[in-house]
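For reference, the structure discussed in these notes is given below.
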Amino acid sequence: MTDTTTTELTAGRSEPKLNRRRQVLSLREATVWRPLGDGWRQLYGNFQELGVSIEWHDFELDSDATFEWSHSFHPNSLELCLNLAGHASVRCASSNVEFEPLTAGFYAPGKDGLRASRKPGERHRFITVEFSPRFLREHLLQCDGALHPLVEKFVLSGACPSGVGEIHRLTTEQEQLISQLLRPPSFQGARRLWYQGKVLQLMVEFFFERRGENELFCDRQKRLARERVDRVVAILRRSLAEPPTLEEIGREVGCSPFYLSRTFSRETGMTIPQYVRKLRMERAAELLKSGKYNVTEAAMEVGYSSLSHFSQAFCQTMGCCPALYPLRTPPQKASWDSGLPK
Numbered sequence: 077m078t079d080t081t082t083t084e085l086t087a088g089r090s091e092p093k094l095n096r097r098r099q100v101l102s103l104r105e106a107t108v109w110r111p112l113g114d115g116w117r118q119l120y121g122n123f124q125e126l127g128v129s130i131e132w133h134d135f136e137l138d139s140d141a142t143f144e145w146s147h148s149f150h151p152n153s154l155e156l157c158l159n160l161a162g163h164a165s166v167r168c169a170s171s172n173v174e175f176e177p178l179t180a181g182f183y184a185p186g187k188d189g190l191r192a193s194r195k196p197g198e199r200h201r202f203i204t205v206e207f208s209p210r211f212l213r214e215h216l217l218q219c220d221g222a223l224h225p226l227v228e229k230f231v232l233s234g235a236c237p238s239g240v241g242e243i244h245r246l247t248t249e250q251e252q253l254i255s256q257l258l259r260p261p262s263f264q265g266a267r268r269l270w271y272q273g274k275v276l277q278l279m280v281e282f283f284f285e286r287r288g289e290n291e292l293f294c295d296r297q298k299r300l301a302r303e304r305v306d307r308v309v310a311i312l313r314r315s316l317a318e319p320p321t322l323e324e325i326g327r328e329v330g331c332s333p334f335y336l337s338r339t340f341s342r343e344t345g346m347t348i349p350q351y352v353r354k355l356r357m358e359r360a361a362e363l364l365k366s367g368k369y370n371v372t373e374a375a376m377e378v379g380y381s382s383l384s385h386f387s388q389a390f391c392q393t394m395g396c397c398p399a400l401y402p403l404r405t406p407p408q409k410a411s412w413d414s415g416l417p418k
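Start counting the sequence shown at 77; every next residue gets the next number (our numbering).
Here is the structure:
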């Protein structure tokens, strides 16, 4: 929110003008996402009033339907994109960045604006978090010197520059944080405070420079182990139907199979085959929940040729057999629950 807008907010006679401006911005953003149906929803916040907004996107594009999503960007904002699935690009006059699955990065439209597109023929799943300059200054003003240069411009100069930051691959901890954003507390009264904490955690994760010159040896070893495990998880995700062998994974990440297996188990608490099964069952659950796949199709999609083996693995991982997952509507669930023995 600019200083001018703040002045308008404090002046009673200008409130109708500000409300009209908010309505125009909200309508413009809703218009961008309307063709996607239920593929967009706000999780928390309000950019104009609170200075921060968290939004969830989940949609599929036709093979000939490139989607220009820069029209949803607020001019005076810094936007963080947590990209779980799908490929996208964001371009400004001086640089271009590409989002791959399981990556994150931020960008600022500024006065010059940005171009941003989503690749056709793919499913896109991502969270965006929009920050106003006022919100950034309020929370980061005492952190100058450690901030990313683009973020620092917002905080120190008060300007709204145009630019893009670097793209980083998501760590396991960051993936877990994103997953938590989609599962807020069931107690409605706690959600606002809970999301405020998550917003601050996101700022810590992504807006500070990662300085490694004074890194201790033990810290460096821990970081390298985490990064190696993150690479293994990314490799497994892209080839669920036909996972590579331990030797092939070791060659790709640059370490011996024995060391890789031991490191992976220590960091995740699972062996690589156990983690593959977890990923397969989570993907199968997504397919079944979409309503577009039956049990046999979901099993084949994640690499199972035996339906009995798939059902057994699904039951062990998800807690119910695939034929009963999910109970999609409240009437279905009520009907099922009413038939259970008391």
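A virtual CB, placed ideally from N, CA and C, is assigned to each residue, including glycine.
Check, Outcome
"Does the Cβ of A399 have 16 or more other Cβ atoms within 10 Å, making it buried, or fewer, making it exposed?", "exposed"
"Which whole runs of the beta strand (DSSP E) in the segment 160-237 are 3 residues long or more, in chain order?", "164-167, 172-175, 179-184, 191-194, 199-207"
"Is K140 helix, strand or coil by DSSP?", "Looking at the sequence itself, residue 140 is Asp, so the reference to Lys does not match. Here D140 sits in coil by DSSP."
"State the Cα-Cα distance for the pair R117 and S332, rounded to the nearest angstrom.", "44 Å"
"For the alpha helix (DSSP H) containing L112, list its first residue and its last residue.", "No alpha helix (DSSP H) holds L112; DSSP gives it neither H nor E."
"Using beta-carbon positions only, say whether L216 and F182 come within less than 9 Å of one another.", "no"
"I need the DSSP call for V100, collapsed to helix, strand or coil.", "With a pLDDT of 39 at V100, under the threshold of 50, the predicted position of this residue should be treated as unreliable, and no value is reported."
"According to the Cβ coordinates, are I130 and I203 closer than 9 Å?", "yes"
"Quick one: give me the first and last residue of the alpha helix (DSSP H) that M357 is part of.", "348-366"
"Measuring straight from C-alpha to C-alpha, what distance separates C157 and A180?", "6 Å"
"By the 10 Å Cβ neighbour count, where 16 or more other Cβ atoms means buried, how is Q229 classified, buried or exposed?", "A quick correction: the sequence has Lys, not Gln, at residue 229. Buried, since its Cβ has 16 or more Cβ neighbours within 10 Å."
"Cutting at 6 Å between CB atoms, please list the residues of its own chain near L212, excluding the five before and the five after it.", "F230, V231"
"R313 to P349, Cα distance in whole Å?", "13 Å"
"Rounding to the nearest angstrom, what Cα-Cα distance links H147 and R245 in this structure?", "25 Å"
"To the nearest angstrom, report how far apart T321 and Q256 are at their CA atoms.", "31 Å"
"Return the CA-CA distance between M394 and V128, expressed in angstroms with no decimal places.", "35 Å"
"Given 8 Å as the limit, is there contact between the segment 161-168 and the segment 188-196, that is, 3 or more CB pairs closer than that?", "yes"
"Around the C-beta of L300, are 16 or more other C-beta atoms found within 10 angstroms, so that it is buried, or is it exposed?", "exposed"
"Please give the ranges of any alpha helix (DSSP H) in the segment 305-355, keeping only runs that are unbroken, at least 4 residues long and fully inside the region.", "322-329, 333-344"
"Whose CA, out of G345, F340, T339, R304, lies closest to the CA of E328?", "R304"
"Please state whether the Cβ-Cβ distance between F149 and G189 is less than 9 Å.", "yes"
"For V240, which residues does DSSP report across the bridge?", "Y183"
"By alpha-carbon positions, which one of W132, E144, Q124 ends up nearest to V108?", "E144"
"Please check the pair V238 and K187, which I expect to be a contact at CB under 8 Å, by giving their CB distance rounded to whole angstroms.", "Sequence check: residue 238 is Ser here, not Val. Contact holds; Cβ gap of about 6 Å."
"Within this structure, are the beta carbons of R353 and E377 separated by less than 9 Å?", "no"
"Check R117 in the structure and name its three-state DSSP category.", "strand"
"Just checking my contact of V227 with F283 at CB under 8 Å: how many whole Å lie between their CB atoms?", "5 Å"
"Tell me where the alpha helix (DSSP H) around L269 begins and ends.", "264-282"
"Label P151 either buried or exposed according to how many other C-beta atoms from any shown protein chain fall within 10 Å of its C-beta, with 16 as the threshold for buried.", "exposed"
"On the three-state DSSP scale, how would you describe F149?", "coil"
"Counting only the same chain and skipping the five closest in sequence on each side, list residues whose C-beta sits under 6 Å from that of E136.", "R199"
"Measure the alpha-carbon distance for L85 versus P177 and round it to whole angstroms.", "For L85, the pLDDT reaches just 30, beneath the cut-off of 50, and the residue's location in the model is therefore unreliable, leaving the point undetermined."
"Cα-Cα, which of V280, Q388, Q252, Q392 is closest to C219?", "V280"
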